[in-house]
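In this note's numbering, the protein residues as written are 14 to 792. The structure under discussion appears below in the form of structure tokens.
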Amino acid sequence: MVHVERPAQPGTWVCCVPCYWLRRSKAVHKALLTLAMLLVTSLLVTSPVLFLITTLPEAEQPRECSPQDEVCLRDREGQEGVCESSACEEASKRMLASVKRGVDPCRDFYQFACGGFSRNNRDNRQTMASFNTLQSHVDNQIKDILANTTGRMNGAFYKLGEFYKSCVDFKKRPANFSPMYQLLDELGGYMPPRRMAPSDITPLVASLLRVNGAPLFDVYVDVEPYDHTRRAVFLDLPTKSEVNTFYERQKWLQDNFLPSDELKMQGNNVVESKAYTFIKLRVEEQRLLQMEKILQGFLPKNMGAKERENETNQILLFCSMLNKIYPRHKDLYNWMDQRGFLAHNLTSLQENFGYIRWGTLFGEVLGADRNHDQELLGPEDQVIYVYVTAPHYFRSLGKLLNRFSRRIIHNGLLLLYARDTLHDVVNVSASKNWNASCSKLSTAVFSSAVGALYVQQYSQQHLNSVADKVTRLFDRIKSTLAERMLVMSWLDEETRTQALLKLRALEGKFHVWPGFQNNTRIAMEMTEVVVDPHDFFSNVVTRFRQIRAVKGDALRGNITSKWPHPFVVNAYYDSTVNAIVIPTAMLTAWPWDVGPSYMSHATLGVVIGHEVLHAFDVHHRSHHPEEWLWLTTESRRRLEARIECVAKLYAGSFWKKVQFLGNSVDVQFDWNVTRNENMADIGALQISYQAWQTLTNGKDRTLPGLQALRPSQLFFIAAAQPYCSNVTAEDYIMSVELDDHTPHPERVNGIVMNSQAFAEAFRCPAGSKMNPQRKCSTW
14 MVHVERPAQP GTWVCCVPCY WLRRSKAVHK ALLTLAMLLV TSLLVTSPVL FLITTLPEAE
74 QPRECSPQDE VCLRDREGQE GVCESSACEE ASKRMLASVK RGVDPCRDFY QFACGGFSRN
134 NRDNRQTMAS FNTLQSHVDN QIKDILANTT GRMNGAFYKL GEFYKSCVDF KKRPANFSPM
194 YQLLDELGGY MPPRRMAPSD ITPLVASLLR VNGAPLFDVY VDVEPYDHTR RAVFLDLPTK
254 SEVNTFYERQ KWLQDNFLPS DELKMQGNNV VESKAYTFIK LRVEEQRLLQ MEKILQGFLP
314 KNMGAKEREN ETNQILLFCS MLNKIYPRHK DLYNWMDQRG FLAHNLTSLQ ENFGYIRWGT
374 LFGEVLGADR NHDQELLGPE DQVIYVYVTA PHYFRSLGKL LNRFSRRIIH NGLLLLYARD
434 TLHDVVNVSA SKNWNASCSK LSTAVFSSAV GALYVQQYSQ QHLNSVADKV TRLFDRIKST
494 LAERMLVMSW LDEETRTQAL LKLRALEGKF HVWPGFQNNT RIAMEMTEVV VDPHDFFSNV
554 VTRFRQIRAV KGDALRGNIT SKWPHPFVVN AYYDSTVNAI VIPTAMLTAW PWDVGPSYMS
614 HATLGVVIGH EVLHAFDVHH RSHHPEEWLW LTTESRRRLE ARIECVAKLY AGSFWKKVQF
674 LGNSVDVQFD WNVTRNENMA DIGALQISYQ AWQTLTNGKD RTLPGLQALR PSQLFFIAAA
734 QPYCSNVTAE DYIMSVELDD HTPHPERVNG IVMNSQAFAE AFRCPAGSKM NPQRKCSTW
């Protein structure tokens, strides 16, 4: 933390922050003189930095407030006492619902802040206090809207409502798997041993992709990694379970949270978690049993018992072997961290992965015009590149395909599509809450229309007001980070200058896409949708074909701005445009009525700070090398050393045993994978706390019923409680193995362990668990 000395006379005014520091630090004096020389000699390039520095607010003075910023005007006065508004009463109730009395915050702050949290509590107060349950709250909102409880499923949204209703009504009918097998027959059907198998699997792979099936690999079009004005084709990992996409969690939140051969590092040895191995094998066993049941209806009824057994074993063996070559999550993470994307044209792609006729596949799936695209080749300025996201998997895939006959591969791919995409669409017993499943399916296949419904429950005036308030908070976080950058000793002058330039150019996307307010656009999109109230399965498959169809000049059209799904609780940094994005669901989650300023700084302020710092971490550094020009070799070495400090501190601080199947199981964390996220967590808390302190002069109101706690203490409690959760031992083991983030208990404790302000707020003794002698900090 940067501690600011308060002047003896509160009315004293200094011309600017750099002047203030210049008078008090010879080291900073020398550094800033060097920086000034740099700015003078390269004025045309670095004049924005000069503007940024000279317009920073004075650290010991309240920030300038615009006449429209009522919150800023109120906070500038340093209002104290107890806030008694309804918003503050609700905030107090939410906080008290999770705090566990009797726990020493200096020993285990997570238990102090979250020990009373209950996932099963139906009180909406806790729902709004946790990121974990906030997504469930949003999902329930959408389900109620689709069920027409608000009377809005008419006009442009009528067909969407009919689709949802056809899904809900489908549960009233007996389970019928015939439509699934009929679709498999349309895709080629079962191929018996005596039939001559095709020599090429390309037509089948293309047919599956057109009906949203990706058992072998997926194909999509996105922004070119090295030229953000153009598009490129991406070959991605297979969709291992569309059932999870629709019925358990949205695809955009999934992050490969499915079993794989995940390993973890322990010292210099690679050791697999026994508990995780058990979970992985159990899930795969259940998956194979499901496929075996599907095969009973897929194989001919008149097939002999011995032949049926042999055929079943061969097909299941192929499916099992395909699952085994799926990359481990940490292998994928490390590959993305250390390597760049390699661009292929069709010739290169065919030479490296010759088991698919790629020109034919792209023509079938992407609608590429051979005459226009010349098989994606052409003059240098016209080439459309193909990027393989996991090259090792695609190389292993080629070896696997050579081990099986084309007939077994054909049957295996159809089986995988049936199990992973179709089975639970027709099996209503697969979901404990069918209505919720219908809501998630409708959201997945009509994301634009559902986004519009979700957004339109709020007035445009309210959304603009919220976005404006978040923008002001974003500006405060940026200004605070800029102040800190000015005095960071590990930055050399060139890096400091370039970092400030990058920070100044960083944008925040908080406003809603205008298209979500345009019902005419939604109506046009829904024109092609035809819903049969009595044929839910057909409705789903038809929609699959529609969302997979590539319209117009998709490969060569102009790149337009990307907008997030407004109903997703997931903020992120978009490196392609140097912007942080926070969807509507997060912006509207907290009340923005008049209340203590620490409530917004400790929650959304920390989220903003976290995503801002991802613009300055070392992940994906090989993917976009031009984005790392701001960081010199020496400064990168120092930054990586500081991030390594975080990894070592966490490794030496956290061990855990969980009770799993009657045994006490050791959990070993891989801090190398989580280190960038941990770095962003630690820095975000420090930055948002400093921004709050500067804004309020250290004065703020307390909450009713919590007068015994100082505002600084309430800040840290508010920052911790969005991560409150109750998870099973199995969920905890899976999160350790498959998430880039630290599990929530260790995440909260690790953040505050590195905060001197936290130790001072709770008066934690030096050397206590939450106040270690050595702390790590980057930004």
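Just so it is clear, CB atoms sit at the ideal spot from N, CA and C, and this is done for glycine as well.
**OP:** Determine contact between the stretch 644-655 and the stretch 501-516, defined as no fewer than three beta-carbon pairs at a distance below 8 Å.
**Re:** yes
**OP:** Using three-state DSSP, classify Val581 as helix, strand or coil.
**Re:** coil
Subject >> Classification of Gly310 by the beta-carbon crowding that lies within 10 angstroms, buried from 16 upward >> reply: exposed
Original post:
Who are the near neighbours of Ile338 in its chain, counting only those whose CB is closer than 8 Å to its CB and skipping five residues on each side?
Top reply: Tyr406, Ser409, Leu410 and Leu413
Subject >> Arg300: first and last residue of the uninterrupted alpha helix (DSSP H) it sits in >> reply: Lys287 to Phe311
Original post:
In three-state terms, what does DSSP make of Thr215?
Top reply: helix
**OP:** Mind checking who Asn676 pairs with in its DSSP beta bridge?
**Re:** Phe673
Original post:
What separation, rounded to the nearest whole angstrom, lies between the Cα atoms of Gly780 and Phe771?
Top reply: 14 Å
Original post:
In this structure, what does DSSP give as the bridge partners for Arg244?
Top reply: Val236
Subject >> Separation of Ala742 from Tyr289, as counted between CA atoms >> reply: Their backbone Cα atoms lie some 11 Å apart in a straight line.
**OP:** Could you pull out every residue in the same chain whose Cβ sits closer than 6 Å to the Cβ of Leu499, ignoring the five residues on either side in sequence?
**Re:** none
Original post:
On the premise that Met612 lies in contact with Pro118, defined as a C-beta separation below 8 Å, what is that separation, rounded to the nearest angstrom?
Top reply: 19 Å between Cβ atoms; not a contact.
Original post:
Taking the C-alpha atoms as reference points, what is the distance between Cys737 and Gln473?
Top reply: For Cys737 and Gln473, the distance between alpha carbons rounds to 32 Å.
Subject >> Option in Thr709, Gln706 and Phe728 with minimal Cα separation from Leu716 >> reply: Phe728
Original post:
How about His423 and Gly226: are their beta carbons less than 8 Å apart?
Top reply: no
**OP:** Look up Ile369 in the DSSP assignment and say whether it is helix, strand or coil.
**Re:** In the structure shown, Ile369 sits in coil (DSSP, three-state: anything other than H, G, I, E or B).
**OP:** Select from Glu657, Thr601, Ile695 and Ser98 the residue whose C-alpha is nearest the C-alpha of Val625.
**Re:** Ile695
Original post:
How should Val543 be labelled, buried or exposed, when 16 other C-beta atoms within 10 angstroms of its C-beta is the threshold for buried?
Top reply: exposed
Subject >> The alpha helix (DSSP H) enclosing Val463, as first and last residue numbers >> reply: Ser460 to Val468
Original post:
Is the stretch 437-451 touching the stretch 182-193, taking contact as three or more C-beta pairs under 8 Å?
Top reply: yes
Original post:
Taking the alpha carbon of Pro756 as the point to measure from, which residue in Trp684, Ser768, Pro785 and Val151 has its own alpha carbon closest?
Top reply: Trp684
Subject >> Nonlocal neighbours in the same chain, by C-beta distance under 6 Å from Lys788, ignoring five residues either side >> reply: Asn767
**OP:** Closer than 7 Å by C-beta to His623: which residues in its own chain qualify, once you throw out the five before and the five after it? Chain order, please.
**Re:** Ala693, Asp694 and Ala697
**OP:** State the CB to CB distance for the pair Leu751 and His342, rounded to an integer number of angstroms; the pair is presumed to be in contact (CB under 8 Å).
**Re:** 5 Å
**OP:** Would you mind reading off the limits of the beta strand (DSSP E) that contains Ile593?
**Re:** Ala592 to Val594
**OP:** Give me the Cα-Cα distance between Ser426 and Ser677, rounded to the nearest whole angstrom.
**Re:** Before going further, note that residue 426 is Leu rather than Ser in the sequence given. Computed Cα separation, rounded: 40 Å.
Original post:
Grouping DSSP H, G and I as helix and E and B as strand, with all else coil, what is Lys522?
Top reply: strand
Original post:
Between Ala457 and Gly718, what straight-line distance do the alpha-carbon atoms span, to the nearest angstrom?
Top reply: Distance between the alpha carbons of Ala457 and Gly718 is about 43 Å.
Original post:
Using CA coordinates, which residue listed in Gly376, Asn689 and Ala598 is at the minimum distance from Arg760?
Top reply: When only C-alpha atoms are compared, the closest one is Asn689.
**OP:** Round the Cβ separation of Pro579 and Tyr467 to the nearest angstrom and send it over; I've been treating them as touching at under 8 Å.
**Re:** 5 Å
Original post:
With distances taken between CB atoms, is the gap from His614 to Ser701 smaller than 8 Å?
Top reply: yes
**OP:** Write down the C-beta distance between Ala104 and Gly608 rounded to the nearest angstrom, noting that I regard them as a contact closer than 8 Å.
**Re:** Right, their Cβ atoms sit about 6 Å apart.
Subject >> Cα-Cα separation between Lys686 and Lys287, rounded to whole angstroms >> reply: The displayed chain sequence assigns Val, not Lys, to residue 686. So the alpha carbons of these two residues sit roughly 20 Å apart.
Original post:
Hey, is the stretch 477-488 in contact with the stretch 517-526, meaning 3+ C-beta pairs nearer than 8 Å?
Top reply: yes
Subject >> CA nearest to the CA of Met193, picked from Thr434, Glu507 and Lys491 >> reply: Ranking Thr434, Glu507 and Lys491 by CA distance to the CA of Met193 puts Thr434 first.
**OP:** Assign Thr715 to one of three DSSP states: helix, strand, or coil.
**Re:** strand
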